[in-house]
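Q: Submitted below is the structure of interest, expressed as structure tokens.
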Amino acid sequence: MRQLLSAALICAISGPAWAHEFWISPEDYTVDPGTRIKAELRVGSEFSGAGYAYLPKRTSRFELVQDGTVTPVEPRIGDRPALNVDVAEDGLVVVVHETADSDLTYDDWETFTRFFTHKDLTGFPQVHYDRGLPEDPVKEVYRRYAKSLIAVGDGAGQDSPTGLKIEIVARTNPYTDDLSEGMTVEVLLDGAPRVDTQVEVFDRAPNDLIDIHYYRTDAQGQAVFPVEPGHEYMVDSVAMSATDNDDPQAGPVWRSIWANLTFAVPD
């Protein structure tokens, strides 16, 4: 199911700090067997951001999945790029990364409003008021769940659920499948499809221009969007839930979880 938001709304909600994504950024999305896969861990907005050195305390899970085999990624402290490993076999490699929790404080209600409007978080702001919470400050804890698709050799294979709390599963292989009808992704929360939820798609052209489009998942939790050869894509979806704490002075009152998927379409 496709549903784009208006260009005016896209312009109105693009890019400030409250919209930062976390993603896996491969040096190359297609590599030969026996060569190294290298990828940065990035934080930024509008598909532009700095790479970060690997720190174990910021990482809960880091692994490669290929044809059902899970291989832990074990960088050294300070490694950059964080992913730099040999892969011997042909096939689709799915890089999986889960961060540790981080806290964030919104000092003004307007900034928090822009965030939940941008990410189309269900029930806001009413669910905030229903809990008797003040408009500021708003304290949030967040965690990121990122994946990336890399083709080794022929790139054959399929993405599948990896058990992340929230994740985006590619139901189309962008390296081997027919893309004339678009790229299909599925958004899962606790393993179940997220129905009628926003999916944000960042499209980087070969000239580095970025387009951002918004879609909604259908009754199966899936969204379909057009892709073009030579382009790089990042797909993002966010969910928010209440913490057990109702005192903003004591700690976070909301928990956000972010799903992200990157891939490229060969020329």
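Numbering-wise, the sequence shown is residues -19 to -1, 1 to 248 according to mature numbering (1 follows the signal peptide of the UniProt record, and there is no 0).
All C-beta atoms in this analysis are idealised placements derived from N, C-alpha and C, irrespective of residue type, glycine included.
Remember, predicted model here, so these are calculated numbers, not experimental data.
Taking three-plus beta-carbon pairs below 8 Å as touching, is the stretch 10 to 25 in contact with the stretch 98 to 108?
A: The stretch 10 to 25, when compared against the stretch 98 to 108, does not touch it at the 8 Å Cβ threshold.
Q: Quick check on DSSP: helix, strand or coil for residue 42?
A: Locating residue 42 in the sequence shown gives position 61, where the first residue counts as 1. Reduced to three states, the DSSP call for residue 42 is strand.
Q: What residue range is occupied by the uninterrupted alpha helix (DSSP H) comprising residue 8?
A: Indexing the sequence shown from 1 puts residue 8 at position 27. That residue, residue 8, is in no alpha helix (DSSP H); it is neither H nor E in DSSP.
Q: Tell me which same chain residues have a C-beta within less than 7 Å of the C-beta of residue 150, skipping the five on either side of it?
A: Locating residue 150 in the sequence shown gives position 169, where the first residue counts as 1. 140, 141, 142, 166, 167 and 169, listed in sequence order.
Q: Given a cut-off of 8 Å, decide if residue 213 and residue 185 are closer than it, judged by their beta-carbon atoms.
A: Taking the first residue of the sequence shown as position 1, residue 185 is located at position 204. Taking the first residue of the sequence shown as position 1, residue 213 is located at position 232. It is a contact, given that the beta carbons lie within the stated cut-off.
Q: If residue 211 sits next to residue 159, beta carbons under 8 Å apart, how far is it from one beta carbon to the other, in whole angstroms?
A: In the sequence shown, the residue the question calls residue 211 occupies position 230. In the sequence shown, the residue the question calls residue 159 occupies position 178. Their Cβ separation, rounded to whole angstroms, is 17 Å, which puts residue 211 and residue 159 out of contact at 8 Å.
Q: Considering only residues of the stretch 89 to 138, which uninterrupted beta strand (DSSP E) runs meet the minimum length of 3 residues and lie entirely inside it, listed in chain order?
A: The qualifying runs are 119 to 133.
Q: So the candidates are 187, 120 and 179; which of them puts its Cα closest to the Cα of residue 225?
A: On the sequence shown, residue 225 is found 244 positions in, with the first residue counted as 1. Ranking 187, 120 and 179 by Cα distance to residue 225 puts 120 first.
Q: Is the distance from the Cβ of residue 28 to the Cβ of residue 244 below 8 Å?
A: Residue numbering aside, residue 28 sits at position 47 when the sequence shown is read from its first letter. Residue numbering aside, residue 244 sits at position 263 when the sequence shown is read from its first letter. Cβ atoms of residue 28 and residue 244: not closer than 8 Å.
Q: What three-state label does DSSP hand residue 210 in the structure shown?
A: One-based indexing of the sequence shown puts residue 210 at position 229. If DSSP states are grouped into helix, strand and coil, residue 210 belongs with coil.
Q: According to the neighbour-count rule (16 or more other Cβ atoms, all chains shown, within 10 Å of its Cβ), is residue 161 buried or exposed?
A: Position 180 of the sequence shown holds residue 161. The residue is exposed, with fewer than 16 neighbouring Cβ atoms inside 10 Å.
Q: Comparing C-alpha positions only, which one of 39, 216 and 51 sits nearest to residue 59?
A: For the purposes of this step, residue 59 is taken as residue 78 along the sequence shown, with counting starting at 1. Measuring from the Cα of residue 59, the nearest candidate turns out to be 39.
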